[in-house]
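The structure under discussion appears below in the form of structure tokens.
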Amino acid sequence: MLNQFANKWSVWQRKNFKHSWWEKFKQLLLFFTVFSLSSNLFFKFAIDQAYLKGLLVDYLIPKIYLFDCLLIVNLLIFLFNKKNWLKLKKIKIKLKKIDQLILFLLAIFLIRQFLHINLAVIIYLLRLVLIIIFMITIYLDQEKQLIVRKALLCSILWLSFLAYYQFFMQRSLAPYQFFGEPNLGHFALISRAQFFNQEKILPYASTAHPNILAGIISLFTMIILDNKNKKPLISSLLLLNALVIIFLTQSLSAFLTFCLFLIYSFIKQRATNKQISACLKFFNLSLIALFIFTPLIIKQLQLNLAKEYPSILRRATLNTAAWAMFSNQTIFGVGLNNYVKEVENYSQNQEIVRFIQPVHHGGLLLLSEGGLIALAILLLLAWKFRTQIAWSKLLILSPIFALDHYLITQAVGLTSWLLIITISWRSRR
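And the structure:
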């Protein structure tokens with residue numbers, strides 16, 4: 541009898557150990573996938589395709605990030621899980637007219653892209669599909685959202701440590717191959733600013749630019765603070781840290797975004813239920829107007845401040861070129877990732893060759909590369925999910941969308957705002 545009990549106990553122990561080990565592995569994989577999001581570690585290839593008139597353009601280099609590799613591992617685990625297949629079989633998809641229209645326009649859009657496809661675009665589209673699948677798995681599992689928040693908190697701590705070290709020591713902590721830090725010794729390519737009459741290298745941490753560092757720390761902080769179970773002391777420290785990082789990076793877009801988040805939080809906490817609805821409607825409409833009219837504001841600033849602030853002139857030039865592309869290719873645009881290839885052909889300012897970047901406005905980037913087809917797809921998706929998306933939380937990001945491009949062009953930016961939609965989607969379900 542004792543032998544039978546011992547044998548059964550041994551079998552039960554082996555099964556549970558195996559199950560426990562596998563579950564912990566999947567949790568760690570999820571944690572490190574989210575944690576790797578902020579790392580600029582990548583493998584680049586086919587560099588010959590990334591030259592324009594003898595100049596190497598970073599945005600045209602096909603790259604596979606560490607984050608991409610971990611997304612693929614997550615997908616494989618998801619696909620080889622029998623339980624997931626059983627869940628998928630139970631799902632009955634009924635396409636409504638709006639769904640059919642979206643799929644039709646999407647098919648036309650993709651066919652158009654494949655007419656002038658390149659490796660960088662293929663990787664971008666595959667990455668987008670992987671990110672969307674990853675977001676769906678997070679949405680379906682409440683426990684995963686807790687792990688995501690822990691990973692984001694650790695990311696904030698790690699990025700902040702690197703940022704403070706880089707700012708005060710004025711050098712990278714380690715070579716690029718370790719953490720993805722840029723080589724701060726390349727002074728010609730590194731962003732700098734004046735601090736108390738002294739020129740300082742701005743911190744990058746393990747991101748591609750100080751603006752990206754400030755933006756994602758702000759976004760990650762917003763996700764963590766937008767939680768009913770947050771602790772006051774931790775919240776205060778995270779708020780203070782985000783503001784310090786924004787100051788050290790001199791990021792206007794991140795500062796405006798974080799201010800909007802504080803205003804949104806104030807409305808939610810202090811206003812009555814009746815006031816909240818009215819205040820948020822005004823809040824949302826104001827941010828939409830700000831996003832739409834930002835190019836006009838920059839155009840006016842260019843007329844008065846171009847000599848003092850060359851960056852305003854560059855932004856205005858990129859905006860003008862984007863609008864010219866849309867005017868010339870209104871229906872389909874010039875194609876994904878083709879803005880930087882075409883910008884010189886649509887700009888009268890030949891100095892733009894020295895500043896080959898995507899236009900620093902999400903709306904103009906969408907119109908110039910995707911045309912009315914891309915705009916129609918997004919508007920239809922917005923209408924279809926109008927009651928599921930927490931629009932105020934998404935529109936808080938309008939300053940970054942209106943003043944930069946990394947929320948669309950960079951994996952970390954694209955994933956960050958999709959993560960905000962995913963988590964807020966569940967809270968409104």
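End of the sequence shown = 969 in the working numbering, gap-free, step of one.
Cβ atoms here follow ideal geometry from the backbone N, Cα and C, with glycine treated the same way.
CA-to-CA, the gap between Phe618 and Ile852 works out to about 46 Å.
DSSP places Ala586 in the coil class of the three-state scheme, outside both helix and strand.
Between Gln710 and Ile752, the beta carbon gap of about 20 Å keeps them out of contact (Cβ cut-off 8 Å). With contacts defined by Cβ atoms closer than 9 Å, Leu800 and Leu827 form a contacting pair.
Here the segment 949 to 960 lies against the segment 665 to 676, with 3 or more beta-carbon pairs under 8 Å apart. Collapsing the DSSP output to three states places Ile642 in a helix.
Across the set Tyr744, Ser793 and Phe760, the C-alpha of Phe760 shows the shortest separation from the C-alpha of Ser775.
By DSSP's assignment, Glu739 forms a beta bridge with Gln734. About 15 Å separates the Cβ atoms of Phe607 and Leu568, ruling out a contact at the 8 Å cut-off. C-alpha of Tyr599 to C-alpha of Phe798: approximately 27 Å in a straight line. Thr789 is positioned such that its CB atom lies no closer than 9 Å to that of Pro850. The C-alpha of Ile587 is placed about 22 Å away from the C-alpha of Asn885. Put simply, of Ile763, Ala754 and Lys770 the residue whose alpha carbon is nearest the alpha carbon of Asn781 is Ala754. Rounded to the nearest whole angstrom, the CA to CA distance from Asn877 to Ile687 is 33 Å. Assignment of beta-bridge partners to Lys603 by DSSP yields Lys584.
Put simply, of Phe565, Ser867, Leu611 and Ile601 the residue whose alpha carbon is nearest the alpha carbon of Thr955 is Leu611.
Across the structure, Lys933 and Gly594 are spaced so that their CA atoms are roughly 43 Å apart. Looking only at Ile642, Leu820 and Leu905, the smallest Cα-Cα distance to Ala862 is reached by Leu905. In the DSSP annotation of this structure, the continuous segment of the alpha helix (DSSP H) that includes Asn868 starts and ends at Pro850 to Asn868. Between His901 and Thr834 the beta-carbon gap is near 6 Å, inside 8 Å, which marks them as a contact.
Within the DSSP secondary-structure output, Tyr591 pairs in a beta bridge with Leu596. In the structure shown, Lys821 falls within a helical segment according to DSSP collapsed to helix, strand and coil. In the three-state DSSP reduction, Tyr744 falls in the coil class, being neither helix nor strand. Between Phe872 and Gly910, the gap from beta carbon to beta carbon is short of 9 Å.
Spanning the alpha carbons of Arg854 and Phe823 requires a straight line of approximately 30 Å. Rounded to the nearest whole angstrom, the C-alpha separation of Leu915 and Ala922 is 11 Å. Taking every protein chain shown into account, the CB of Thr857 has 16 or more other CB atoms within 10 angstroms, so this residue is buried.
Counting C-beta atoms within 10 angstroms of its own C-beta, Asp766 has 16 or more neighbours from the protein chains shown and is therefore classed as buried.
Distances from the alpha-carbon of Leu943 to those of Gln950, Thr573 and Phe831 put Phe831 closest.
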